[in-house]
Amino acid sequence: MQGKIQLHTQYASSRFSLALRNFSMSSTNSDLKTWAQERITALWSAPDESAFHSEFERTFAPSECTKLTVNKEEIDRENYKNELQKLRAPMVRADIEFNDIDILDSNGEDSGTIKGSFTVKRSLKFRVRAAPAQRQRIINFTAVVENSGDITGADNRRIVFFEEDVEDKPVPVNLNSLAHNSVSSVSLIIDKAMAMNIRFY
């Protein structure tokens, strides 16, 4: 986990241990950059739909407080959520790689504007030429994060504005790897056949 654990100054020393125990379950003490990376990663890597729903609610403010745009077109919160679910549906794994993440302005750790980019490589359930099909999505984004302060002691940071430019690309198939695997498979079949005294002619 990137960034240092920073405890809020209002925490008394007697609550130090409690804050550390809760850190693994919440990003309350993380800086904005770390918070954004954790939230984005959680959206794509949630193990099931229930977990995804929880992570989405922890990331975005309610509909009436949120504005989202994808490739310069505005999209409402529910449709954006549905689109993410569609992308996740055929997926067995997602690998997230963050590139440049910058804080343009901030009010401490509670709110600010984040700009950056990341790549999501999705491994899908079906296969292409005996290899798992993969797709990659390159996303450049700007996010505005605010802290509602609704629940004392909880992480109330939510994204209220999210703008992303998206480019989808297939991941090139490694033909050399496929050829090697094919040769290995044929060799294994021949070895088994010879062991069973089966001739090829």
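So the sequence shown is residues 1 to 201, counted in full-length UniProt numbering. Even glycine gets a Cβ: it sits at the ideal position worked out from N, Cα and C.
Look at the alpha carbon of Pro62 and the alpha carbon of Glu167, and state the distance between them as a whole number of angstroms. 27 Å
Check the DSSP bridge columns for Phe52 and list the partner residues they point to. DSSP output for Phe52 lists no bridge partner at all.
Does the Cβ of Phe126 have 16 or more other Cβ atoms within 10 Å, making it buried, or fewer, making it exposed? exposed
Determine, using beta carbons only, whether Val70 and Glu164 come nearer to each other than 8 Å. yes
Beta strand (DSSP E) runs contained entirely in the segment 82-128, provided each spans 3 or more residues: 91-107, 111-128
Whether residue 203 touches Phe162 by CB criterion (8 Å): Residue 203 is absent from the model: the chain starts at 1 and stops at 201.
Tell me whether Glu57 is buried or exposed, calling it buried when 16 or more other Cβ atoms sit within 10 Å of its Cβ. exposed
Within its chain, find whatever has a CB closer than 8 Å to the CB of Gln134; leave out the 5 residues flanking it on each side and keep chain order. Lys121, Arg122, Ser123, Leu124, Pro170, Val171
Here's the rule: buried if 16 or more other CB atoms are within 10 angstroms of the residue's CB, otherwise exposed. What is Arg30? Per the sequence presented here, residue 30 reads as Ser, with Arg not at that position. It counts as buried.
Between Asn156 and Ser148, is the Cβ-Cβ spacing less than 8 Å? yes
Under the three-state DSSP convention, the category Asn79 falls into: helix
Quick check on the DSSP output: the alpha helix (DSSP H) that includes Glu38 runs from which residue to which? 32-45
Could you check the C-alpha separation between Ala89 and Tyr80 for me, to the nearest Å? 14 Å
For Trp66, which of helix, strand or coil comes out of DSSP? The sequence given here places Thr at residue 66; Trp does not occur at that position. In this structure, Thr66 counts as coil in the three-state DSSP scheme.
Taking the alpha carbon of Met91 as the point to measure from, which residue in Ala36, Gln136, Thr113 has its own alpha carbon closest? Gln136
Out of curiosity, what's the CA-to-CA distance linking Arg93 and Ala154? 30 Å
Excluding the five sequence neighbours on either side, which residues of its own chain have a C-beta within less than 7 Å of the C-beta of Ala36, listed in chain order? Ile101, Ile114, Ala143
With distances taken Cα to Cα, identify the nearest neighbour of Ile40 among Asn99, Asp110, Asn107, Leu104. Asn99
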